[in-house]
Amino acid sequence: RDLRPGYETRNWARETENKLYRLTRKNYSLSSRLDWRPAPGHKLFAETIYSAFEDDEQRNNYIFDLDDQQSRTPNGTAACAVNARPASGTTGYADVCTGNTPLLGTVYGIDLNSNFTVRKYKQSVFTNTLGGDHELGDWKVAWRGNYTRSIDDRSQPAQLNYDSPSFGTNGANAANRLTVGYDLTDPQLAKVQLYRTIRNADGSFSRGDRVTAIEDFPRTLSRLRSLKAQDVTEAYTAKLDISREASVFGASTILAAGVRYDDRTKTSNEYLLDLSTPAQFAAAGIATNYSAIAKPGGFQGEIPLGYTFQYFDRDKVLGLVDQAKAVGSYVRSDANFYDVGEKVYSAYGMATATTGWGSIIGGARVEHIRNDARAFSIGTVGTGSAATTVTTPIDVKSSQTLVYPSLHLNWDVDDRMKARLSFNTGAARPDYDQLRPNLSYNDANATISGGNPDAKPEKAKGVDLYVEYYTMPRGFLSIGAYYKDVTDVLFDSTQTFGRTTLNTGGVDRSGYLYSTIVNGGSGYIMGIEGAIQQQLEPFTADLGLPEWMGGFGVQLNATINKSRAETPGTAALPSRKVPLPGASDAIYNLIAYYEKYGFSARVSYQNRSAWLDAIGGTDTIGGVVRGIDGGDFYWAKDNELDASVRYAINNNVEIYGDFANLLNGPGRRYAGSSAYTIEHETFGRRYTGGVRVTF
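Add 8 to a position in the sequence shown, counting from 1, and you land on the number used in our numbering.
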């Protein structure tokens, strides 16, 4: 590894890659509702909604494995003169002696991982609700019952992996591998140039001729997989709310109380067909060269890749999977199975008292939560040829009770101005599937996700103060400040897995990116927020403007935050202070609109500063605790512009158009510093339109 002077602050990329998609996405839904009023003051209804999202994807994924021969990096500690040719048998990775830097350089004789995936995702939600609202004398009663079933089908009908020839003893086969010139100086675009590799007589490497067609480098099929994966969630909800008006200490008061029961379960199952040896490919009659699945034509996107490639033919790839079924079968992945459940019993009581100067709202909510999570622990007993895999069922149960009191004071300063003071509490619980007691891996994405049954809710206590001024008929100005104290802060944690416990089926998963959820210490967030909304209509006459101009309006919103939170820590690696996850320092929204004569048009712009996504691993480097894998993970500054138009022909028919992501800005994540981009993805502009009919 790099140990030359200054190594403490150098972060070397393990790889650079491109994921290039061809996809078709669909959204569709169907809903129905029946309302019945059997008597005055009584209403019953039944509602059913089905919605689905489909994502049919074909992905070409090229990974330039920069650290492929990292163990060969010279481990000298002294400063060195720059010599562009690396030492004999080394690739130049993380070697400042070749003139390489973390953002610019050349590596020789490395591996090209080519992955070709066919995905067929479908997410569907089927929800059914029965409910009623009743007036029983002075009492008002509302009840709801709901059953929801959602299916997340994550199936990947095919994934084929092709690898370069082996490095060989001291790089004997390096001439059949890539030399890559990398330029990562632009955070918005990772650039590569591909060259042939020359192995010199002394065993060192040099750069050969430039190559632009990636198919000119030899690659051989190393693995074929087909995955059937489905997550099924079933949820039952029942709730009852009652309220009545009363006089409390002379003030008109609405007393309300309610109970609610939620019961949710989620089961995840995966079945994998997996071939990974030349003997299996031969038995199935599967050709191992890429030309067997390639289709004519090159890259059709606009990204300047620095190379060209041929897409794969979907039907040919699925044909290879059909051939694979003759020698293999789908086997359940116990390592990725889990079955989690959550039951929540909750109740609340509150009172809203109206006085001559405003109102007081106070109350409390209590929740009792029971979690039950089942999975399998996969371990190895014995060593060498005597080693066997042992699968052990795990069942983890937990329960807790939480209480959230709150108090809100609303002061009517005058007919147009109101002041609001709020004391509130709350908690953010981990999603119940994040409490599963296992580690799930995804070989297609080289990731591992881990449940944490010990994760606790993130609890918060806060105070808000807002002043609002209303203009007639529909405008307002608002300014406020808030402070929230947080304990047991929940962090997403992402770092290299670094263990061999999941290395099964001949696959090394120690270098996969591992993500889980963890609790930190205490934290806070405070800030100020301002908003204004105004339509021109009240002023058209005074300004001498035509009536139609009254439909123009504007909404502005700005939020300025400051936050801090303590990460998890140990005696060896103390906790650190970082921003609260998901909290940007500044968020601005601007909406310009027109609403009149049944026509509406809206353009909205949002600007959001960077925010913490996940904390990374740390280690003591050069006597200082520093981030490894680049440090903590952030989402970069985001700008979004959307627009929509609507025209109501009558009360039942509306024409609409929606235009999303008009700036086509990227979603970009970086590690530690904005210079170190780890993910850059563009999604394209999206346009939808149609006719809505209600009856």
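Don't be surprised by glycine CBs; every beta carbon is placed ideally from N, CA and C.
Can you name, in chain order, every residue of its own chain whose Cβ lies under 6 Å from the Cβ of residue i, other than the five neighbours on each side?
i	result
Val104	Arg12
Asn565	Ala539, Asn597
Thr156	Thr135, Ala243
Asp119	Asp73, Asp76, Ser172
Trp151	Gly140, Leu248
Gly638	Asn19, Ala679, Gly680, Tyr684
Gly559	Tyr602, Glu603, Lys604
Leu328	Ile294
Asp472	Ser430, Tyr490
Ser385	Thr400, Ile402
Asn453	none
Residue i bridges to which residues according to DSSP?
i	result
Phe772	This structure leaves residue 772 out entirely; the chain is present only between 9 and 703.
Leu415	Gly370, Phe431
Ser276	Asp239, Tyr346
Ala668	Arg694
Thr109	Leu112
Val526	Phe499
Leu553	Paired residues: none, contrary to the question.
Arg424	BP columns for Arg424 are empty, so no partner.
Thr400	Ser385
Tyr520	Per DSSP, none; premise fails for Tyr520.
Trp44	Leu52
Ile568	Ile536, Ala594
Phe560	Tyr602
Ser251	Lys148, Ala264
Ile377	Val352, Gln408
Gly531	Val494, Ala573
Excluding five sequence neighbours on each side, which residues of the same chain lie with their C-beta closer than 8 Å to the C-beta of residue i?
i	result
Ala312	The residue asked about is misnamed: residue 312 is Pro in this sequence, not Ala. Excluding residues within five positions, the ones whose Cβ falls inside 8 Å are Leu197, Lys199.
Ser174	Asn181
Ser255	Thr261
Ala4	It is not possible to answer for residue 4, since the shown part of the chain is limited to 9 through 703.
Val633	Leu581, Pro582, Arg584, Thr626, Asp627
Glu555	Thr548
Arg185	Gly117, Ile118, Asp119, Leu120, Ser172, Pro173, Phe175, Thr205, Phe225
Please name the residue, chosen from the options, that lies closest to residue i on a Cα-to-Cα basis.
i	options	result
Lys247	Arg215, Asn154, Pro438	Asn154
Pro195	Trp556, Gly697, Glu689, Ser682	Ser682
Val653	Ala600, Asp621, Ser518, Gln131	Ala600
Phe703	Tyr695, Arg694, Glu662	Glu662
Asp146	Ile250, Gly488, Gln288, Phe431	Ile250
Lys467	Thr409, Thr690, Arg424, Ala454	Thr409
Thr296	Ser354, Glu687, Ser284, Gln542	Ser284
Arg368	Leu429, Gln541, Asp403, Ala86	With the sequence shown as reference, residue 368 is identified as Ile, and Arg is not the correct amino acid for it. The option with the nearest alpha carbon to Ile368 is Leu429.
Thr399	Ala383, Thr56, Val494	Ala383
Asn277	Lys236, Thr245, Gly176, Ala290	Lys236
Lys324	Gly387, Phe345, Ala302, Gly306	Ala302
Ser59	Pro110, Asp160, Gly673, Arg610	Asp160
Asp423	Arg67, Tyr70, Phe484, Pro587	Phe484
Asn178	Leu168, Ser448, Arg207, Gly488	Arg207
Leu28	Val699, Asp217, His688, Val701	His688
Gly542	Thr275, Asp210, Ser486	The amino acid at residue 542 is misidentified as Gly; the sequence shows Gln. For Gln542, the nearest C-alpha among the options comes from Ser486.
Gln614	Asn647, Thr245, Arg45	Asn647
Ile222	Gly529, Asp321, Gln164, Tyr298	Tyr298
Thr360	Asn35, Ser212, His416	His416
Ser518	Ala594, Phe61, Asn108, Thr455	Thr455
Tyr346	Tyr315, Tyr70, Ser457, Met358	Ser457
Asp64	Ala166, Phe257, Ser617	Ala166
Ala372	Phe61, Asn432, Thr495	Asn432
Can you list, in chain order, the residues of its chain whose CB lies under 7 Å from that of residue i, leaving out five sequence neighbours each side?
i	result
Trp419	Trp365, Gly366, Lys426, Ala427
Gly434	Tyr412, Ala468
Ala86	none
Thr363	Ala259
Would the segment 667-677 and the segment 528-546 be scored as touching if the rule is three or more Cβ pairs under 8 Å?
-> Contact between the segment 667-677 and the segment 528-546 is absent: fewer than three C-beta pairs spanning the two stretches fall below 8 Å.
What beta strand (DSSP E) runs, 3 residues minimum, are completely inside the segment 478-515?
-> Here the runs fully enclosed are 483-495, 498-504.
Quick one: which unbroken alpha helix (DSSP H) runs of 4-plus residues sit fully inside the segment 298-363? Chain order, please.
-> Listed in chain order, the complete alpha helix (DSSP H) runs (minimum 4 residues) inside the segment 298-363 are 322-332.
Does the count of Cβ pairs from the segment 370-388 and the segment 347-354 closer than 8 Å reach three?
-> The segment 370-388 makes contact with the segment 347-354; the number of CB pairs closer than 8 Å reaches 3 or more.
Which runs of the beta strand (DSSP E) spanning at least 3 residues fall entirely within the segment 147-233, listed in chain order?
-> Taking 3 residues as the minimum length, the beta strand (DSSP E) runs contained wholly in the segment 147-233 are 147-161, 164-171, 186-191, 199-207, 213-219, in order along the chain.
Assess, as a yes-or-no matter, whether the segment 461-475 is touched by the segment 517-527 under the definition of 3 or more beta carbon pairs within less than 8 Å.
-> Contact between the segment 517-527 and the segment 461-475 is present, because at least three Cβ pairs lie under 8 Å.
Evaluate the contact criterion for the segment 670-679 versus the segment 638-655: three or more CB pairs, one atom per stretch, below 8 Å.
-> Taking 8 Å as the limit for Cβ pairs, the verdict is that the segment 638-655 does touch the segment 670-679.
Using 8 Å as the threshold, is the segment 542-559 in touch with the segment 466-483, meaning 3 or more CB pairs across them?
-> Verdict: yes, contact present.
Within the chosen definition, does the segment 45-55 reach the segment 91-102 through at least 3 CB pairs nearer than 8 Å?
-> No: the two stretches stay apart, fewer than three of their Cβ pairs being nearer than 8 Å.
Taking three-plus beta-carbon pairs below 8 Å as touching, is the segment 353-362 in contact with the segment 258-277?
-> Yes, since at least three Cβ pairs between the segment 353-362 and the segment 258-277 fall closer than 8 Å, the two stretches touch.
Would you say the segment 79-91 touches the segment 325-340, given that touching needs at least three Cβ pairs under 8 Å?
-> Contact annotation: the segment 79-91 does not touch the segment 325-340, with fewer than three C-beta pairs closer than 8 Å.
Any chance you could list the beta strand (DSSP E) runs of at least 3 consecutive residues sitting entirely within the segment 607-668, in chain order?
-> Here the runs fully enclosed are 607-616, 619-622, 626-629, 632-635, 641-643, 646-656, 661-668.
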